[in-house]
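Just so it is clear: in the sequence shown, position 7 is 193 by this note's numbering, and no numbers are missing. Glycine residues also receive a C-beta, built at the ideal position from the N, C-alpha and C atoms. Below is one structure, written out as structure tokens, with a few remarks after it.
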Amino acid sequence: MKIRCIVIDDEPFALKQMEGYVNKTPFLELVGSCANAFEAMELLNEKDIDAAFVDINMPEMTGMEFVKTHPDLAIIFTTAYSEYAVESYKVSAIDYLLKPIGYEDFLRAAKKLEERKPETLTEEANDHFFIKVDSKTVRVNFEEILFIESQSEYVKIILDNKSLLTLMSLKKLETILPTSNFMRVHRSYIVNLQKINTIERFRILFDGYSPIPVSDQYKDQFKTFVNNRFFS
């Protein structure tokens, strides 16, 4: 499985060069390229991304500031200034590339991503996964989840007896959850199909929570589930 990457740089030449390097590397897949950190944040909310090549010196939001908003993302920094090397390792960057960047140096750094892939980029265990909540790592069991709600750059995971807020996109979480038990029913919601007891006109009801709407995009597949579950 390829490592899905984005490239972030405000310099057009550097951006184009990094795009070419990623496309040239067999074990990498270029998901997108961004001219600033804000474009990257939007892309991360829409796509499943494993790693990012990030320029440090960017206007409005620097690469360092961007990385702190996405601690679960594997990062390789790029910059023209060697004095940022120490700071880059403080935020647990995989590597640091000094411009101008040759392909040999790029490949060396990219191979570090490949080496750590079993630890950080593989699928989770078949009955649970782990998330970051503040400074803690918390185990979440699939069977305890009622539903999951997107809240901007975060997701709120509603469990049987509590809720957890973590910095992750709903798109990313959707790739972790088993499709046999979980279904996306709205751009902002994923529900545990095993926990559904009450449905009212394409609204899913959980005791103590606001009704979850099923949007037009997902009505057909949800209708199929309902017919199989309740009327077969």
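If I'm right that residue i touches residue j with Cβ under 8 Å, what's the distance once you round it to whole angstroms?
{"i": "Lys202", "j": "Lys357", "result": "Their Cβ separation, rounded to whole angstroms, is 27 Å, which puts Lys202 and Lys357 out of contact at 8 Å."}
{"i": "Asp313", "j": "Ala295", "result": "Not a contact, Cβ separation roughly 35 Å."}
{"i": "Ser219", "j": "Glu197", "result": "No, Ser219 and Glu197 are not in contact; Cβ-Cβ is about 12 Å, not under 8 Å."}
{"i": "Ala238", "j": "Ile194", "result": "6 Å"}
{"i": "Val217", "j": "Ile189", "result": "Incorrect: roughly 10 Å between the Cβ atoms, too far for contact."}
{"i": "Lys298", "j": "Asp258", "result": "No, Lys298 and Asp258 are not in contact; Cβ-Cβ is about 17 Å, not under 8 Å."}
{"i": "Tyr422", "j": "Phe292", "result": "Because the chain here runs from 187 to 418, residue 422 falls outside it and cannot be looked at."}
{"i": "Ser374", "j": "Ser336", "result": "4 Å"}
Beta carbon of residue i, beta carbon of residue j: below 8 Å?
{"i": "Arg178", "j": "Phe333", "result": "Because the chain is modelled from 187 through 418, residue 178 falls outside the range shown and cannot be assessed."}
{"i": "Ile376", "j": "Glu386", "result": "no"}
{"i": "Phe411", "j": "Val400", "result": "no"}
{"i": "Phe328", "j": "Pro364", "result": "yes"}
{"i": "Met369", "j": "Gln403", "result": "no"}
{"i": "Lys210", "j": "Tyr289", "result": "yes"}
{"i": "Asn367", "j": "Leu350", "result": "no"}
{"i": "Ile398", "j": "Val371", "result": "yes"}
{"i": "Leu230", "j": "His256", "result": "yes"}
Using the DSSP secondary-structure output, state which residues sit across from residue i in a beta bridge.
{"i": "Ala260", "result": "Ala237"}
{"i": "Lys318", "result": "Thr323"}
{"i": "Phe333", "result": "Ile344 and Val377"}
{"i": "Pro198", "result": "Paired residues: none, contrary to the question."}
{"i": "Pro399", "result": "Arg389"}
{"i": "Asp281", "result": "Ile262"}
{"i": "Thr384", "result": "Leu391"}
{"i": "Val193", "result": "Ser219 and Phe239"}
Could you tell me the boundaries of the beta strand (DSSP E) in which residue i lies?
{"i": "Thr323", "result": "Lys322 to Asn327"}
{"i": "Glu215", "result": "Leu214 to Cys220"}
{"i": "Ser349", "result": "Ser349 to Leu353"}
Tell me the residue span of the alpha helix (DSSP H) that contains residue i.
{"i": "Met250", "result": "Gly249 to Thr255"}
{"i": "Tyr289", "result": "Tyr289 to Glu301"}
{"i": "Leu363", "result": "From DSSP, Leu363 is part of no alpha helix (DSSP H); its letter is neither H nor E."}
{"i": "Met244", "result": "Segment: none, Met244 is in no alpha helix (DSSP H) and carries neither H nor E."}
{"i": "Glu232", "result": "Ala223 to Glu232"}
message: Pairs of beta-carbons, one from the region 211 to 228 and one from the region 252 to 265, closer than 8 Å: are there three or more?
response: Yes, the region 211 to 228 touches the region 252 to 265.
message: I want to know whether the region 333 to 342 touches the region 352 to 368 - three or more CB-CB distances under 8 Å.
response: Using a C-beta cut-off of 8 Å, the region 333 to 342 makes contact with the region 352 to 368, since at least three inter-stretch Cβ pairs fall below that distance.
field: Validate contact between the region 234 to 242 and the region 256 to 268 using beta carbons, cut 8 Å, 3 pairs
entry: A contact exists between the region 234 to 242 and the region 256 to 268.
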